[in-house]
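The next block holds one structure in the form of structure tokens; read it before the comments.
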Amino acid sequence: MGATLTINGDSVTVAPNGGYLAFLPVPPSSASRYDLVAVLGPDTVRASHAVRVLPPLPVLADTGRLVVDSGSVVPRERFWLRDEELVRVAIRAPSNVTAWVRTGDGISVPLVRASERQPKVLAMADSVRASRNASGILWQADLPARALRAAAAPAGRVRDAERGMELLVSRGGDTVRFPLVTRDTTAVAGFVILGGDSSAVSDTDRVVAGRSIPGGTTKWLLLPGTVVEATGRVGAMVRVRLDAMLEIWVEEAFVRPLGAGVARPRRTAGDARVVPGEDWVDLVLPVSERPPYYVEPQERSLVLTLYGTQANTEHLRYLGNDSTIRVIHWEQVGSDRARYTIHLSQAPFGHLVFWERGALVVRMRRQPPVSRQSPLRGLRIVVDAGHPPAGATGVTGLYEAVPVLAVAELLRTMLEARGATTIMTRTTDQPLPLGDRPIIARRANGHAFVSIHLNAFGDGVNPFVSHGTGTYFYHTHSEPLARAIQRRMVLRMGLPDLGRYHESFAVTRNPYMPAVLTEGAFLMFPDQENALRTEPFQRAYAQGIVEGLEDYFRTLAP
Ligand SMILES: [Zn+2]
Numbered sequence: 001m002g003a004t005l006t007i008n009g010d011s012v013t014v015a016p017n018g019g020y021l022a023f024l025p026v027p028p029s030s031a032s033r034y035d036l037v038a039v040l041g042p043d044t045v046r047a048s049h050a051v052r053v054l055p056p057l058p059v060l061a062d063t064g065r066l067v068v069d070s071g072s073v074v075p076r077e078r079f080w081l082r083d084e085e086l087v088r089v090a091i092r093a094p095s096n097v098t099a100w101v102r103t104g105d106g107i108s109v110p111l112v113r114a115s116e117r118q119p120k121v122l123a124m125a126d127s128v129r130a131s132r133n134a135s136g137i138l139w140q141a142d143l144p145a146r147a148l149r150a151a152a153a154p155a156g157r158v159r160d161a162e163r164g165m166e167l168l169v170s171r172g173g174d175t176v177r178f179p180l181v182t183r184d185t186t187a188v189a190g191f192v193i194l195g196g197d198s199s200a201v202s203d204t205d206r207v208v209a210g211r212s213i214p215g216g217t218t219k220w221l222l223l224p225g226t227v228v229e230a231t232g233r234v235g236a237m238v239r240v241r242l243d244a245m246l247e248i249w250v251e252e253a254f255v256r257p258l259g260a261g262v263a264r265p266r267r268t269a270g271d272a273r274v275v276p277g278e279d280w281v282d283l284v285l286p287v288s289e290r291p292p293y294y295v296e297p298q299e300r301s302l303v304l305t306l307y308g309t310q311a312n313t314e315h316l317r318y319l320g321n322d323s324t325i326r327v328i329h330w331e332q333v334g335s336d337r338a339r340y341t342i343h344l345s346q347a348p349f350g351h352l353v354f355w356e357r358g359a360l361v362v363r364m365r366r367q368p369p370v371s372r373q374s375p376l377r378g379l380r381i382v383v384d385a386g387h388p389p390a391g392a393t394g395v396t397g398l399y400e401a402v403p404v405l406a407v408a409e410l411l412r413t414m415l416e417a418r419g420a421t422t423i424m425t426r427t428t429d430q431p432l433p434l435g436d437r438p439i440i441a442r443r444a445n446g447h448a449f450v451s452i453h454l455n456a457f458g459d460g461v462n463p464f465v466s467h468g469t470g471t472y473f474y475h476t477h478s479e480p481l482a483r484a485i486q487r488r489m490v491l492r493m494g495l496p497d498l499g500r501y502h503e504s505f506a507v508t509r510n511p512y513m514p515a516v517l518t519e520g521a522f523l524m525f526p527d528q529e530n531a532l533r534t535e536p537f538q539r540a541y542a543q544g545i546v547e548g549l550e551d552y553f554r555t556l557a558p
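Next comes the structure, spelled out in structure tokens:
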């Protein structure tokens with residue numbers, strides 16, 4: 001407290017808890033350390049932190065010995081793609097080289113400067129690590145997968161044929177070569193079953209995540225037991241065809257080949273029923289086999305897309321006199337994709353898709369009855385204290401999981417004082433897997449889910465540029481709750497307003513109820529870490545959330 005601190009000569013502010021946060025240049029490799037000098041009155045304390053500076057990126061000079069950036073070579077993973085699909089081959093090298101690919105059957109294909117390439121979207125384009133600031137330029141070519149195959153094996157020369165192809169870079173008398181190991185002998189071809197499970201059990205907690213590119217963000221959640229066609233593979237990701245217009249990527253671990261002789265599933269959606277329940281209403285849609293699907297909540301409707309499916313819904317029977325579903329329209333979008341638009345009398349509140357007795361069931365939750373005076377009375381709110389496992393730690397050792405649990409406990413007290421039932425995903429410091437949290441929320445039939453976290457930046461990001469309070473959501477039906485909580489947290493906590501973020505996290509993807517993840521403060525700032533140890537600041541965080549919940553649910557009151 002009150003000490004002055006310099007690090008490598010730069011003065012750094014010390015927070016009242018003795019912590020400091022600085023964003024400083026990496027020391028020159030000659031020094032490789034940060035020297036700290038703290039002065040308080042007559043006392044001076046010195047300390048030194050050694051840092052290991054990675055070797056500088058290779059200088060890809062146009063003269064001297066030929067040096068290229070071997071770490072930039074793509075493709076680097078085994079793949080299996082259709083013959084005509086383009087695959088990018090690239091390397092970062094000096095500007096005055098000749099670079100080419102020699103395919104398995106001896107054909108040479110030149111690589112050109114990246115800026116001269118055809119602007120074409122490619123299957124494996126975006127993993128060129130060389131885009132880091134190495135010198136030199138990127139040389140690349142987009143080759144059909146067919147060209148990257150080993151040549152057809154002449155009799156008795158199978159070994160040679162499996163040699164695959166090479167990338168060569170040459171200048172003057174220097175040539176460097178890289179084998180491109182691309183032949184995939186473990187390809188999964190034909191039809192596969194997702195989730196690896198052929199049983200009729202439909203477990204909505206074991207849905208298989210699908211992405212539009214390998215390693216991309218999760219978008220589709222498919223039921224275990226869905227049969228699709230595998231059409232490609234890159235590394236540990238398998239591409240599956242959902243219908244004539246769409247292929248997506250899933251993890252290989254969730255795919256089980258069905259072997260030869262399996263026919264393409266023919267799916268027809270038949271006559272449907274609307275079955276009202278007390279808290280929800282079900283659309284029960286018989287389909288000859290479980291379909292890959294996507295559900296998109298919109299302002300006043302839910303759009304259900306069935307891939308690889310032909311709709312033949314002649315009768316739609318509305319049982320009872322349901323007030324939530326107004327009308328359902330369907331259209332055939334292309335020859336093997338059907339789209340059902342479910343028009344609602346209220347904004348969607350949450351949904352669940354499952355497979356039951358030969359029918360796809362879309363369960364749509366009704367908004368709960370809410371009173372304007374006590375909007376949380378009678379509701380079930382799921383409070384999720386983030387971590388362990390993982391999580392951030394502040395400079396004086398405060399571990400994220402500790403203060404967020406304190407905030408969660410305060411929130412519980414506040415919720416219960418308002419007549420709500422609280423479901424805590426954890427109340428101890430025992431680890432709770434991330435994937436279990438939305439399952440707990442769904443089984444509890446919660447009306448809202450709030451995951452409480454504290455933020456931190458990774459290395460290399462200047463933390464002083466933008467920090468404060470933020471809220472994450474994913475589905476359209478969660479946005480109003482995110483907005484309400486964000487507004488109240490900013491008022492209560494007094495930190496800068498970072499706004500709302502749309503992001504596909506395991507906990508925000510939960511479609512069954514409005515679900516948000518809050519990052520109320522940044523644990524890496526010593527003053528915020530200090531505040532997070534204190535009850536008033538923990539209370540301010542909880543207060544922001546409970547008031548946001550009240551504001552949101554009040555909008556649902558008649
Ligand atoms: Zn966290």
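Numbering-wise, the sequence shown is residues 1 to 558 according to the numbering used here. For each residue, glycine too, the CB sits at the ideal point set by N, CA and C.
DSSP places L21 outside any alpha helix (DSSP H), giving it a letter other than H or E. Of L283, V59, D62 and G270, the smallest CA-CA separation from E314 is found for G270. By the Cβ neighbour-count rule, D10 is exposed, with fewer than 16 other Cβ atoms within 10 Å of its own. Annotation: the continuous beta strand (DSSP E) that includes R46 extends over D43 to A50. Those residues that bring their Cβ nearer than 7 Å to a heavy atom of ligand 1 are G386, H387, G391, A392, E400, H453 and L454.
Taken in chain order, the whole beta strand (DSSP E) runs of length 3 or more contained in the stretch 349–401 are 351–356, 359–365 and 380–385. Residue range E535 to R554 is occupied by the alpha helix (DSSP H) that includes E547. The alpha-carbon of T469 is positioned some 33 Å away from that of D35. By a beta-carbon distance limit of 8 Å, V362 does not contact G446. Their separation comes to about 19 Å. The Cβ atoms of G308 and P265 sit closer than 8 Å to each other. For Q310, the pairing in a beta bridge is given by DSSP as T268. As computed with DSSP, D174 is found in a beta bridge with R171. Within the same chain, A3, L5 and Y20 come within 6 Å of V14 by CB-CB distance, once the 5 residues on both sides are set aside.
Straight-line spacing of the CA atoms in A444 and V333 works out to 37 Å. R509 counts as buried, since at least 16 other C-beta atoms from the protein chains shown sit within 10 angstroms of its C-beta. Taking the Cβ atoms as the reference, P27 lies roughly 6 Å from V51, within the contact range of under 8 Å.
In the DSSP annotation of this structure, the continuous segment of the beta strand (DSSP E) that includes M424 starts and ends at T421 to M424.
Measuring C-alpha to C-alpha distances from W249 to each of G259, I439 and V228 identifies V228 as the nearest.
Within the same chain, Cβ atoms closer than 7 Å to the Cβ of Q346 are found at T324 and Q367, the five residues on either side in sequence being excluded. Secondary structure at V59: coil, using DSSP grouped into helix, strand and coil. In this structure the stretch 370–379 does not lie against the stretch 300–307, because fewer than three pairs of beta carbons, one per stretch, are closer than 8 Å. Rounded to the nearest angstrom, the Cβ distance from V395 to E289 is 56 Å, too far for a contact under 8 Å.
Assignment of beta strand (DSSP E) within the stretch 444–518, counting only whole runs of 3 or more residues, yields 448–455, 469–473 and 497–502 in chain order.
A contact is defined here as three or more CB-CB pairs under 8 Å, and the stretch 88–106 meets this definition with respect to the stretch 58–76. Rounded to the nearest angstrom, the Cβ distance from E409 to H453 is 15 Å, too far for a contact under 8 Å.
With respect to the C-alpha of V255, the residue from A244, V240 and F537 having the closest C-alpha is V240. The count of Cβ pairs closer than 8 Å, one atom from the stretch 336–346 and one from the stretch 492–504, stays below three, leaving the stretches out of contact.
Inter-residue distance for V67 and P42 is about 54 Å (C-alpha atoms, whole angstroms). The DSSP-derived three-state label of V234 is strand. R82 has its alpha-carbon roughly 7 Å from the corresponding atom of R146.
Within the same chain, L376, I381, T422 and V546 come within 7 Å of L415 by CB-CB distance, once the 5 residues on both sides are set aside. Taken through DSSP and simplified to helix, strand or coil, Q346 comes out as coil.
Put simply, the stretch 386–395 touches the stretch 514–527. At least three CB pairs are less than 8 Å apart. Look at I193 here: in three-state DSSP terms it is strand. Of L223, V192, G358 and I213, the smallest CA-CA separation from T268 is found for G358. Annotation for E529: no beta strand (DSSP E) segment contains it, though the alpha helix (DSSP H) segment containing it runs P526 to L532.
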